[in-house]
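Protein chains in written order, with the working numbering: chain A, 28 to 388; chain B, 28 to 388; chain C, 599 to 995; chain D, 599 to 995.
Written below as structure tokens is the structure these notes are about.
Here you go:
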């Protein structure tokens, strides 16, 4: 019985965090996003060099074949660093879709390229969660038509995996003729979601997803777990910054952290977030070891981290007083990262409903 | 434009509060409820002598013919005093049912007796809000059969007004043959709800309620407004007690009210409750002056005071520390009054749904 | 309880409604921008003053309409402009004009009020400093009298509109040896002087609503003082009170709530309007109840003012409750829109021009600004409930 | 991450499961009562000790089973008894026995531990006083040495079970001139002495769970001290730590949550089960997520103990989060039942024997007791996050 990170996992976490600390500082992020860049070349190359893009991809397909807990640790570190890289869509959701729904040939073609960073995938599954500004996506005669909204990592993608109205998933060349992509600018400039319109575009069906929703659900679950981990990292940084500010900032001749009101705000944030870490770890762990538990847990991790994340983003900003409201300390980058995470792949009320359904309730 | 109590209303409030302060202290309440009494004879006689039992009953029928705002002030005062008297059912809901659904003869028979305190009415409408442990109440050939749960003031009632499954209301002699009554003991010993079983019991239909749900809805609305006012009074006392305790109790060589944590708990309670007073006033005022607004507002007043009441009951107890958890100060009598109010005539989620429906949403 | 308005006020209201109907097309669109008023805005303001719907209670000789103050008239004006969604006028600068009227010299009033009302003269406020936020009275920007001039050194923050401002009203420490509340003076001066540097301060919304303003040996005339030396804290408090008064205005909350309802009727998930999806619907109803409590609470405050009474607790809680409620209304709007709710700036598909995200952030700024929620709770606890202040502690402990 | 148990622990668990299956009918029903153990309860405890499922780590010579401490075994025992809903055994009194084992004299251990474990000897705790709640170290009950005896005067409160207790472990001030934490001693004595008066203290649940205990010139033997004079605060802290440890236990929360789900499946409104009514369902799912976070947080703490590490923050937050969560689970249960949820005592139609209302109140008591939520937040802020304490105040300020 050991519910803890292994030595290797701590090392992985340290190496990713260490790299990002040195190479993906707030200044770096600011510079990048100022130019509208959501896949920052240096950082992308850096984490590619760390060999983690193929974190969940089998060794024989060029990956490092580690587990989802390892992947969640990376996602958490990227959230901490508000790193502008297309990790969740390209390195997690797309491989999950391919591994669970793809043919051998599809896996052999694409997974090594994902692992090497040669190809970036975007993933469009939103319509299968909650359809809004679209009539969905139809597949007919091997061609896709329709509109996919909020495609994760879609702006920087070379290739796309798109779920059609039946829940079947397809590989599509993001630059094929008949594909029209637009970046949808959100509050979070460190990542971009895309609108992609298909006009009778050649699509390569993932055969395992044709009559089975499992590959799609596993793809969504994987994305949700990583988003939860990303929010965990981002919220953790906000607490650390608030505590540090409260230890430094003086008002009424005292550091504000010595006032019970501020102290308790910090204590509440920390005690709300700390148990979330265990939920994220456990949930990620189930993907490999107890997959029958994953669906319900992935929903809970996503929804609960959304709630706790929102609350911490607010309180941490309040602890900073007016300074938190400015761009000077950049706190709002984390605020907005958490804000995007909350809505991506289902806002909390919807996801909780799925958690209930997953238990047959 | 004057959104305030009139001089007469302030006088009414003062006289009722003054009477209760002198004659319905916590000690008096304790003694009464220790014997299982929910209609304390002295207090009942006292408020009868104040001439307020007929508060909403027309002058020519023996009442004082004031408005619902006046009635709400009385309900608030009774909540403050956790007074063990059957006011809401007998003096408000039953007269509303009779005035809106009764024949002239029914009004002339019963309203003067209610106003004089000669007869106490219980009111059973719960099945029309949310049916639980019962198959409801059927009326056939002028006779009622079935079971009414949670009849307001039903334990002390001489007469009952009961809604059947169609929403029509009937007057029934509470002691008629075929009527079986049981007190349902709740956490709040200052008031009692009853289960009443009818086995083919002679019933006197309120004719105006036969094909029109309005009389029933108005009866429910009236009850909800008074319950909200009762919670307002009870919660107000809890805040006052918490503030007084925080000004007195010392720990760490300081009165605890000088600690920000305790001070802010008190400030939050006060700032949550104070706007509720305006909502209760406004809502009660609409019954007479803007009845088209009443339905939605009565739902909101009931549900919102339930939420704020629960929160204040908890926080005020916390401010008292261990002392709040004991019987020594009797704080729990208010805690439980608010607790019963929350569930009576619909718990908050259900009532909010009704508020939405009332607006056509 | 009598919610009807007097005959006179009813007439006043219907005249105003008539006026709005006729003239609303000449009103500038959108919110007033910080900084210089456009010609269109100035003309609109002139028209409003002429009809008594702006600067209504400012004496004629200072450029106002010159009516006696009547709180119901003010209330009706605010309500009708809000309901009809027409840009209201102003009474100059609500932070400084009341101070000048009450405590300024006749010369100051004559020179400054009229151009302020007309929109010619723009003001910025120099109160907060990087080191003095909640503890404003600890401010350290100094002014030393040198001949006929004050020489100012220090830094102010949150000086909104400073880059456009003609004038500054500013709190400075002139009596360094006095207790902190008694060493402050209230100065007014033009912004075109050497030694004033304004640096824009970008906020989380991405806009530079505020500035930092630096004073280096800035010389301003000696007679640009309002009140006496060392009385600045008390001079300023009147305006601070006024500023806090407008945060959490229930009219604005109600209008926001109405927009939220519209949004939830129009937005759909898999074809179902959000207002029909129970978990969102329940949140909407919770917020409606709170919105209504604040609306009627506002009526209670108004009544107290009408009776020349202090409103007490109902007044103390407005900022704390109102700003939080606005924030939660925006939060529900964002959740109801889901991914559409995080779109920003010029994104396609953005709803209501992105106002919900902007409000969500601005409201958080307002929860913090003008007295943080924590300071509000201290005040409510101490002043409204009579709980004791924190005891004095040993220096250096 | 390896959630599997070792072969040895798996065997241990299946033996225990087998044991429970065979013997559960001899277990007393319901919760253990405060006060004297029934004969049935004593026999059950004996059986459990014999099999090593109670007093497992207490040495044989003091009446225990005498196994080496193994946290996973303890965990498995707690889990399996909780899952199968069988009354667990105990290790005597978890507040006093660890203290005696660690700091008692050999004579104290030999005389006191065995009868405590067997259920013959009942203890009550004399720590809190009316004037000393959160600030326990300010306690003022005095003991003065007079020959071979301590003479105790003062009042204790929250002494649960005092009316049934044979023994008391008690904090008293023996060094009035020492700083407050250093003037306290830890005394143990029998409760049958002159000068001890126990008055029941009724709580909001209607039961007298607690007492007030008055000492008037109560004489107790000099050697009934654990640790040295003036060391009582530090002696007691070990047990306080232990007591706080059990508040907010996630096993209990999970079992409560399961009962809530059952309730919401069975209770109906107009024929629809509550679990299908969206607003209640959404609240249920919110609570499930929090319950799960605390469950896995518990696994993390357990793992830290297994590795002989301090669990840190995950441990600090258990009481604060766990008690509040339990309270909210009870609150939802009550709301789901509606009017049925406020039934109490021996009312017809009452569900689950009224446990939900009782829990709702007891949980509030636990939010307050054993360190209020405010004290917990101070501790988390100061000890776990490193925020500074409040500065010292001038006395009398």
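Every residue, glycine too, gets a C-beta built ideally from N, C-alpha and C.
In this text the structure is predicted, and so the values were computed from the model without any measurement.
Going by C-alpha distance, which of the options is nearest residue i?
i: residue 830 of chain C; options: C:780, C:937, C:986; result: C:780
i: residue 339 of chain A; options: A:228, A:57, A:263, A:68; result: A:263
i: residue 177 of chain A; options: A:193, A:228, A:160; result: A:160
i: residue 738 of chain C; options: C:747, C:727, C:746, C:745; result: C:727
i: residue 990 of chain D; options: B:79, B:135, B:67, B:279; result: B:279
i: residue 600 of chain C; options: B:315, B:215, B:353; result: B:315
i: residue 154 of chain A; options: A:33, A:175, A:300, A:63; result: A:175
i: residue 914 of chain C; options: C:983, C:868, C:790; result: C:983
i: residue 802 of chain D; options: D:923, D:767, D:875, D:956; result: D:956
Which residues in the same chain have their Cβ closer than 7 angstroms to the Cβ of residue i, if we skip the five residues on either side of it in sequence?
i: residue 122 of chain B; result: 83, 84, 138, 141
i: residue 974 of chain D; result: 917, 918
i: residue 297 of chain A; result: 266
i: residue 191 of chain B; result: 164, 165, 166, 171, 197
Give me, in chain order, the residues of the same chain whose beta-carbon lies closer than 6 angstroms to that of residue i; leave out the 5 immediate sequence neighbours on both sides.
i: residue 706 of chain D; result: 698
i: residue 773 of chain D; result: 781, 828
i: residue 306 of chain A; result: 328
For a contact defined as C-beta to C-beta under 8 angstroms, what are the partners of residue i on chain A?
i: residue 901 of chain D; result: 28, 29, 30, 31
i: residue 869 of chain D; result: Those do not exist, as residue 869 of chain D stays about 17 angstroms from chain A at its closest Cβ, beyond 8 angstroms.
Let me confirm a value: residue i is counted as buried when at least 16 other C-beta atoms fall within 10 Å, else exposed. Which label applies?
i: residue 606 of chain C; result: exposed
i: residue 880 of chain C; result: buried
i: residue 65 of chain B; result: buried
i: residue 117 of chain B; result: buried
i: residue 30 of chain B; result: buried
i: residue 44 of chain B; result: buried
i: residue 824 of chain D; result: buried
i: residue 363 of chain A; result: buried
Excluding sequence positions up to five away, which residues of its chain have a Cβ less than 8 angstroms from the Cβ of residue i?
i: residue 904 of chain D; result: 669, 670
i: residue 675 of chain C; result: 614, 651, 654, 686
i: residue 72 of chain B; result: 144
i: residue 740 of chain D; result: 750, 751, 752, 770, 771, 772, 774
i: residue 841 of chain C; result: For residue 841 of chain C, the predicted model reports a pLDDT of 49, less than 50, meaning its position is unreliable; a value from the coordinates is still stated below. Cβ neighbours of residue 841 of chain C beyond the five flanking positions: 692, 693, 968.
i: residue 292 of chain A; result: 269, 342, 345, 346
Taking residue i as the query, report the chain B residues whose CB atoms sit under 7 angstroms from its CB, ordered along the chain.
i: residue 963 of chain D; result: 352
List the DSSP bridge partners of residue i.
i: residue 209 of chain A; result: A:222
i: residue 752 of chain C; result: C:813
i: residue 794 of chain C; result: C:813
i: residue 29 of chain B; result: C:600
i: residue 353 of chain B; result: D:801
Quick one: which chain C residues come within Cβ less than 8 angstroms of residue i?
i: residue 105 of chain B; result: Simply none; closest approach about 20 angstroms.
i: residue 75 of chain B; result: Those within 8 angstroms of residue 75 of chain B in chain C number zero; the least Cβ separation is about 26 angstroms.
Using a cut-off of 9 angstroms between C-beta atoms, extract the partners of residue i located in chain B.
i: residue 286 of chain A; result: 287
i: residue 708 of chain C; result: Here the premise fails: no neighbours, minimum Cβ distance about 36 angstroms.
Quick one: which chain A residues come within Cβ less than 9 angstroms of residue i?
i: residue 971 of chain C; result: 288, 345
Give me the chain C residues within the contact set of residue i, using Cβ-Cβ distance strictly less than 7 angstroms, ordered along the chain.
i: residue 359 of chain A; result: 802
Could you tell me if the beta carbon of residue i falls within a distance shorter than 7 angstroms of some heavy atom in the ligand SAH?
i: residue 782 of chain C; result: With respect to the ligand SAH, the structure shown offers nothing to examine, as it has no ligands at all.
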